[in-house]
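Trainee: Attaching a single structure in C-alpha cells format; questions to follow.
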Amino acid sequence: MFKKELRKIYKAKRKQLSPNQKLEMEQDIYNQIFELDFSEIQVVHLFLTIRKYDEINTQPIIDFLNKNNKTIVVSKCDFDNNTLQHFIFDKNTKLEVNSWGVPEPINAKEIHPKEIDLVFVPMLISDKNNYRVGYGKGFYDGFLAECKPTVKTIGINFFKPVSKINDIHKFDVALNQIIYPKK
Numbered sequence: 042m043f044k045k046e047l048r049k050i051y052k053a054k055r056k057q058l059s060p061n062q063k064l065e066m067e068q069d070i071y072n073q074i075f076e077l078d079f080s081e082i083q084v085v086h087l088f089l090t091i092r093k094y095d096e097i098n099t100q101p102i103i104d105f106l107n108k109n110n111k112t113i114v115v116s117k118c119d120f121d122n123n124t125l126q127h128f129i130f131d132k133n134t135k136l137e138v139n140s141w142g143v144p145e146p147i148n149a150k151e152i153h154p155k156e157i158d159l160v161f162v163p164m165l166i167s168d169k170n171n172y173r174v175g176y177g178k179g180f181y182d183g184f185l186a187e188c189k190p191t192v193k194t195i196g197i198n199f200f201k202p203v204s205k206i207n208d209i210h211k212f213d214v215a216l217n218q219i220i221y222p223k224k
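Mapped onto the working numbering, the consecutive letters of the sequence shown carry residue numbers 42 to 224.
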C-alpha cells in the first residue's frame with residue numbers, strides 16, 4: 042500500500058480504539074520499553090502526545106526515564122520549513138500547545154541532535170522493513186538525518202507492521218526497532 046492510503050486507514054483505526062483497548066495496548070508497549078537495556082543510553086528524545094490525534098500517552102515513559110536519571114529531549118516544530126528544534130525537558134520546562142495541537146517547550150535549553158543516544162519515533166504504521174508512515178511532513182526523517190550515525194531509533198505504534206510500504210523514497214529512514222502491542 043501507499044503512504045497516503047495507510048495514513049488514512051491507520052488514523053481511522055486509531056480513532057476506533059476504545060479507551061480500554063488503548064490502555065491495554067499502551068501498557069503492553071510500556072512493558073516492552075521498560076525491559077529495554079538503557080545502560081548505554083543517557084540522552085533520550087521522546088515525542089509529547091498529541092491528544093487530538095489519539096497518540097500513545099508518553100507520560101509513563103517520561104516518568105520511567107526520569108526515575109532512571111536519563112536526560113529527556115523534546116522538540117519544537119518549525120512549520121515554515123518542516124524542521125524540529127530540540128530541547129532538554131525537565132521538571133522546570135513549561136509547555137505550550139501550538140496551533141497544530143503539539144505540546145512544545147517554551148523555556149528550555151536547546152540541544153543538538155548529535156547529542157541524542159535514542160529517539161522514540163511517533164508513527165501511524167510501519168512495515169516489516171521498519172519504514173514508517175507519519176503525518177507526511179517529513180519532520181522526523183529530517184531530524185534523524187541530523188543525528189549521529191550510532192543513534193538508536195525505536196518507533197512506537199498501536200498496530201502490527203504491514204508487509205510493505207510501496208512508496209519509500211531516498212529521504213525515508215528505516216528505524217532500528219518497532220514496538221507495538223504483542224497481545
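Built from N, CA and C at the ideal position, the CB exists for glycine as well.
#1: Using the three-state DSSP reduction, which class does E76 fall into: helix, strand or coil?
#2: State yes or no: is the C-beta of I152 within less than 8 Å of the C-beta of V114?
#3: Excluding the five sequence neighbours on either side, which residues of its own chain have a C-beta within less than 8 Å of the C-beta of K93, listed in chain order?
#4: Distance check for S204 and L125, CA to CA, integer angstroms please.
#5: Going by DSSP, what residue range makes up the alpha helix (DSSP H) through L87?
#6: Whose CA, out of Q218, I209, A215, lies closest to the CA of M42?
#7: Should D158 and D182 be called a contact, given that it needs their Cβ atoms to be closer than 8 Å?
Mentor: Judging by the given coordinates:
#1: coil
#2: yes
#3: G142
#4: 29 Å
#5: Note, L87: premise wrong, no alpha helix (DSSP H); not H, not E.
#6: I209
#7: no
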